[in-house]
Amino acid sequence: MTFVYTALGDSLTVGKGDFFRAGFVTHYANLIEKSIHQKVSLNIQAQSGITSSQFIQKLQNRETRRAIAEADFITITLGGNDLLQALRFHDLHMVEKSLKLFSQNMSFILKEIHNIKSYVRKRHCSIQLIGLYNPVPQLPYSHFIIQRYNQALHAFTSTHVSYVDVYNAFRQQLANLLATDGHPNHLGHKLIAETAYRSALT
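Right under this line is the structure:
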């Protein structure tokens, strides 16, 4: 019997920055496979640069809905592009406005996933929300702003939804974990996978 892991989100889920093109989801799928001694089928529904608002549109895609319906386990990486768009204005008011919209979008996305699952045999599946790390620590207030987004993600934790704290995992060794474009490099993607795996065990 195959365990279905569906990965939803943005460039992190695509695997951008990983020289070996594996990305954290492939590393994570391998960790799960070794842990449960069962074949893991990986289904990636992601797009580089996508915001939470744009992902809501992607949720109407038949292939995305099928991937969710078949999933035993789901990870979601969203919020980074919402944040980057807001930071371009150099205005904390715009950041707060973006954060409010992001929270509303995440609420809708999680409810829609629940609705999709309610009509299929695999009704219950665990969902992990992967938190944001700080790719721009040199920017004023960046730590504060990113933690506000992470707090918004953490607020959605429930029986079947958990939050993965990537921020603190990256903070101590950021320079070694990033590619030149600010995405995680191979080591960074591996660290996200390992952090998510440890979080799932607790």
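Read in UniProt numbering, the sequence shown has 183 at position 183, and its numbers run on one by one without any break. The beta carbon of each residue, even a glycine, is placed where N, CA and C say it ideally should be.
query	result
May I have the straight-line CA-CA distance separating Q47 from R21, to the nearest angstrom?	14 Å
Taking contact to mean 3 or more Cβ pairs, one atom from each stretch, closer than 8 Å, check whether the stretch 86 to 94 and the stretch 156 to 176 are in contact.	no
Which class does F73 belong to by DSSP, given the choice of helix, strand or coil?	strand
In whole angstroms, what is the alpha-carbon distance linking I68 and S98?	26 Å
Please report the straight-line C-alpha distance between A179 and L187, rounded to a whole angstrom.	10 Å
On the three-state DSSP scale, how would you describe V40?	strand
Can you round the beta-carbon distance between A7 and T75 to whole angstroms, since I take them to be within the 8 Å contact cut?	5 Å
Cβ of I145 within 9 Å of Cβ of L83?	yes
Note down the Cα distance separating E63 from S103, rounded to an integer number of angstroms.	25 Å
So, are the CB atoms of L132 and N105 less than 9 Å apart?	no
Between the C-alpha atoms of R65 and Y141, what's the straight-line distance to the nearest angstrom?	37 Å
I'd like to know whether the C-beta atoms of V25 and A71 end up nearer to each other than 9 Å.	no
Please state the DSSP three-state secondary structure of Y163.	strand
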